[in-house]
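Below is one structure, written out as structure tokens, with a few remarks after it.
Number of protein chains: 2
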Amino acid sequence: MTASIITIGDELLIGQVIDTNSAWMAQELSKHGIAVKRRVAVGDSWDDIWRALDEESLHSGIILITGGLGPTADDITKPLLCSYFGGKMVVNEQALANVTHIFENLYKKPVSPRNLKQAEVPDNCTVIMNQRGTAPGMWFEKNGKVFVSMPGVPHEMKGMMEHDVIPELCKKFQFPIITHRSLLTAGIGESALADLIQSWEENLPPHIKLAYLPNYGMVRLRLSSQGSDDAVVKETHQHFQELLHLVRDYLVTDRDEPIESFMGRLLQSRKETVCTAESCTGGFISHLLTSIPGASAYVEGGFVSYSYAAKESLLEIPNELLIEKGAVSEEVVRLMATHSRERLKTDYSIAVSGILGPDGGMPGKPVGTVWIAVASKSKMVSRCFHFRFDRARNTQLTAVNALNMLRLLIISPPSSA
Amino acid sequence: MTASIITIGDELLIGQVIDTNSAWMAQELSKHGIAVKRRVAVGDSWDDIWRALDEESLHSGIILITGGLGPTADDITKPLLCSYFGGKMVVNEQALANVTHIFENLYKKPVSPRNLKQAEVPDNCTVIMNQRGTAPGMWFEKNGKVFVSMPGVPHEMKGMMEHDVIPELCKKFQFPIITHRSLLTAGIGESALADLIQSWEENLPPHIKLAYLPNYGMVRLRLSSQGSDDAVVKETHQHFQELLHLVRDYLVTDRDEPIESFMGRLLQSRKETVCTAESCTGGFISHLLTSIPGASAYVEGGFVSYSYAAKESLLEIPNELLIEKGAVSEEVVRLMATHSRERLKTDYSIAVSGILGPDGGMPGKPVGTVWIAVASKSKMVSRCFHFRFDRARNTQLTAVNALNMLRLLIISPPSSA
């Protein structure tokens, strides 16, 4: 019993929005042992949606549909589903009460006729209440297959998935246990990693799969197995332990988490604090660190010293040094690290200054040149990088490399610093 | 002649990565008049990939495939394509030279046998050179349909699409002109907007489509038309002008751009500067502002005053005020706006302090409470928001609302402030 996800909306086919719903849904389904077989995006076209329903019901027993349930004229999903499953539209009293409640209590506006229409549903579906918006979800069954239609607004869809759809699916079907174990490495490429673990990989049993997921200069390795008994879970765990040992020199974290999450746990466990002094990344490193709940335990604050003047006034970088060496220089970035740490009285600091593009390159300092320094009370490490990508990717690469440099500084034995 | 996009990888089906490739590809194709009909994601499974190729060639004449071309054992796309199109694997000399060149000159490492295998391609395809990585792209033709396989690494795929795939497709086929015009509104919901423009929308000709794209408290409206002559373009333009007039009170920008990009153009045209003082958003607003190329013309810098101590030492917020009113208060956020602007000598400042969740709520200040202040030399506006979502979404909502408040402060006539 596998699932297909159908997302509906012209905006997905002209690339105006990135589909984050499908990834979230797949993750949640996977946790509950529901394997996603396919994800399909189609436009707001009657024929295309109809054909997608036909096709996906050949592939999967569970078809989850998002999008196309809004109150505006471009949304055709609801009448289409009504027709596809041979029902007629009726007003659902509970959905009507929900629309009225939301307008009166949350939006504090009168309900328009357009919004009242959201309470109309096909009479052959089970209505799923939307606790975060006005469009109800709909659960249909046909030939033993389940079709669920949900709004495309991410937090509305998430509410329905968590509170209704997944629990109902788990009641209705028996799913296998799927086990995923992931680890994250830094400082080694995909091919070198593959060479390093080749003989281990060749000896993996066929029901345990390994995937390489390279991203921003790091490589995530994921082991996946499917099985309905504990033996498979234990077996996967054992292979994962062997893998951890093989990659130990490059290991960032043995969890499925980004490096900023690992850094948060590391700092919190050591009861230590960090601050940032960012030029080219403009606050992105600080944003990553504070995106983790509970970051106030270890993030003190930071500086965005984007201009020369800001570097001088916020971080006391001497004007002569900026003139002589340039803002993108080892001397400046080390001073940024020192002064920010002193100023905010933290255990560690991260400082970056670089040229992320597309413009701003100069002789000897092409676009992509970035200096990073990380410091503790007794140690300082600085390093120059040359990134070759676009502004967004260079920003990401700078941030993860800076966090990884701090990680290495923290975990390295005192003598080797 | 429409296109289908097939993305390959188990990681897409367990939601471990978000598929940003498809959106980018759809956007580029759309610009060149190539309509994307479907996007499909399948796992690293021989049968599923094979069936996706069969199915999509019924839907579309152009099938673009990404993923599954890496050097590691989980990548099966290349042998599958070889078999699907009935070829045999041969070493491609140009691809071999590319792999060798990249290892010797960029990675400065010896080429491993595993990487040399990347130069092997089916003998019945046209090889597309990869200028940013080792895996070559492959162009197949069968029954008048085009199949192109590209790596899943975003910047490698982008390079191939821009330099080879799109130009070749435009040479081979004649595409219609597709016109999109988008605008962004703030301060009005999707339904109210629909009511406001209802009679205009009802009078749209059938070949011009309107889409509502709500996102983070703003709504984007998009007009799309298809036609091979200038008349349709002109007609779309005229309807767009009418729409602009109807929504003028809520209009942020008449381009397809995020608010931070509009703010950049606004500030740059006025030769004015901005700084930030962020608590709960931890640098995210500053990151958004500096994510726009050329931001150094108007972003001076900013403060991340995450802790009480940082608020005191960086922004001179009196400890007594923090104790008396709390960090999340109108008084504190106004002082943050004033002091950051004075400190960095900018024309404007943005200051935020709030509780984004999941924890940290307190009596009278539940999770989601956010104070925002924006200031100029002569004006200051502050406002309290109550967001109801998760940490990431609350961060986004805080940032776009803060930028919108600054926009309104800048464009409002002096008397109304």
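Quick note, the sequences are listed as chains P and V, same order.
For what it's worth, numbering that gives the first Met the number 0 labels the leading residue of the first sequence as 0, then goes sequentially.
For what it's worth, numbering that gives the first Met the number 0 labels the leading residue of the second sequence as 0, then goes sequentially.
Don't be surprised by glycine CBs; every beta carbon is placed ideally from N, CA and C.
Only a predicted model underlies this, so the values are computations on that prediction, with no experimental measurement involved.
Can you tell which of the options has its C-alpha closest to the C-alpha of residue i?
i	options	result
residue 376/P	193/P, 413/P, 69/P and 387/P	413/P
residue 273/V	40/V, 137/V, 264/V and 364/V	264/V
residue 256/V	144/V, 180/V, 351/V and 135/V	180/V
residue 388/P	241/V, 69/V, 156/V and 38/V	156/V
residue 367/P	380/P, 373/P and 394/P	394/P
residue 66/V	41/V, 96/V, 90/V and 128/V	41/V
residue 105/V	124/V, 133/V and 126/V	133/V
residue 74/P	209/V, 60/V and 110/V	209/V
residue 357/V	406/P, 335/P and 294/P	294/P
residue 334/V	291/V, 345/V, 93/V and 317/V	317/V
residue 121/V	152/V, 169/V, 171/V and 68/V	68/V
residue 137/P	131/P, 126/P and 168/P	126/P
residue 276/P	287/P, 332/P and 321/P	332/P
residue 95/P	128/P, 79/P and 173/P	128/P
residue 93/P	130/P, 230/P, 212/P and 384/P	130/P
residue 385/V	139/V, 154/V, 238/V and 216/V	216/V
Contact criterion: CB-CB distance below 8 Å. Does residue i meet it with respect to chain V?
i	result
residue 411/P	no
residue 416/P	Residue placement at residue 416/P is flagged as unreliable, the pLDDT there being 44, under the threshold of 50; a coordinate-derived value is accordingly withheld.
residue 235/P	no
residue 159/P	no
residue 390/P	yes
residue 384/P	no
residue 215/P	no
residue 254/P	no
residue 241/P	no
residue 31/P	no
residue 70/P	yes
residue 167/P	no
residue 346/P	no
Does residue i get closer than 8 Å to chain P when you measure Cβ to Cβ?
i	result
residue 14/V	yes
residue 249/V	no
residue 17/V	yes
residue 0/V	no
residue 283/V	yes
residue 99/V	no
residue 36/V	yes
residue 265/V	no
residue 39/V	yes
residue 337/V	no
residue 9/V	yes
residue 22/V	yes
residue 162/V	no
residue 54/V	yes
Could you give the residue range of the beta strand (DSSP E) that holds residue i?
i	result
residue 222/P	217–226
residue 176/P	176–185
residue 350/P	347–353
residue 382/P	379–385
residue 120/P	119–121
residue 142/P	That residue, residue 142/P, is in no beta strand (DSSP E); it is neither H nor E in DSSP.
residue 300/P	298–304
For a contact meaning CB atoms closer than 7 Å, what does residue i contact in chain A?
i	result
residue 304/P	Included in the structure are the protein chains P and V, with no chain A among them.
Tell me the residue span of the alpha helix (DSSP H) that contains residue i.
i	result
residue 335/V	329–343
residue 316/V	Unbroken run through residue 316/V: none, as it is neither H nor E.
residue 99/V	92–100
residue 196/V	Segment: none, residue 196/V is in no alpha helix (DSSP H) and carries neither H nor E.
key: Entirely enclosed alpha helix (DSSP H) segments - the stretch 0–35 of chain V, minimum 4 residues   = Within the stretch 0–35 of chain V, the complete alpha helix (DSSP H) runs of at least 4 residues are 9–12 and 20–30.
ask   = In chain order, which continuous runs of the alpha helix (DSSP H) of length 4 or greater are located wholly inside the stretch 48–88 of chain P?
value = Within the stretch 48–88 of chain P, the complete alpha helix (DSSP H) segments of 4 residues or longer fall at 76–83, listed in chain order.
request  = Pick out the complete beta strand (DSSP E) segments inside the stretch 246–292 of chain V, 3 residues or longer, and give them in chain order.
outcome  = The beta strand (DSSP E) runs lying completely inside the stretch 246–292 of chain V and spanning 3 residues or more are 250–252 and 273–277, given in chain order.
ask   = Between the stretch 86–98 of chain P and the stretch 182–202 of chain P, are three or more C-beta pairs nearer than 8 Å?
value = No, the stretch 86–98 of chain P is not in contact with the stretch 182–202 of chain P.
ask   = Would the stretch 113–130 of chain P and the stretch 90–99 of chain P be scored as touching if the rule is three or more Cβ pairs under 8 Å?
value = By the Cβ test, the stretch 113–130 of chain P is in contact with the stretch 90–99 of chain P, since at least three Cβ pairs between them sit closer than 8 Å.
task = Take every Cβ of the stretch 18–30 of chain P, pair it with every Cβ of the stretch 13–22 of chain V, and state whether three or more of those distances are shorter than 8 Å.
result = Between the stretch 18–30 of chain P and the stretch 13–22 of chain V, the count of C-beta pairs closer than 8 Å reaches three or more; the two stretches touch.
query = Should the stretch 348–355 of chain V be regarded as contacting the stretch 276–284 of chain V, the criterion being three or more beta carbon pairs within less than 8 Å?
reply = Result yes; three or more Cβ-Cβ pairs closer than 8 Å.
inquiry  = Counting beta carbon pairs with one atom in the stretch 297–309 of chain P and one in the stretch 297–313 of chain V, are three or more of them shorter than 8 Å?
reply    = Taking 8 Å as the limit for Cβ pairs, the verdict is that the stretch 297–309 of chain P does touch the stretch 297–313 of chain V.
request  = Could you tell me whether the stretch 48–68 of chain V touches the stretch 141–157 of chain V, using the rule of 3 or more Cβ pairs below 8 Å?
outcome  = With the cut-off at 8 Å, the stretch 48–68 of chain V and the stretch 141–157 of chain V touch.
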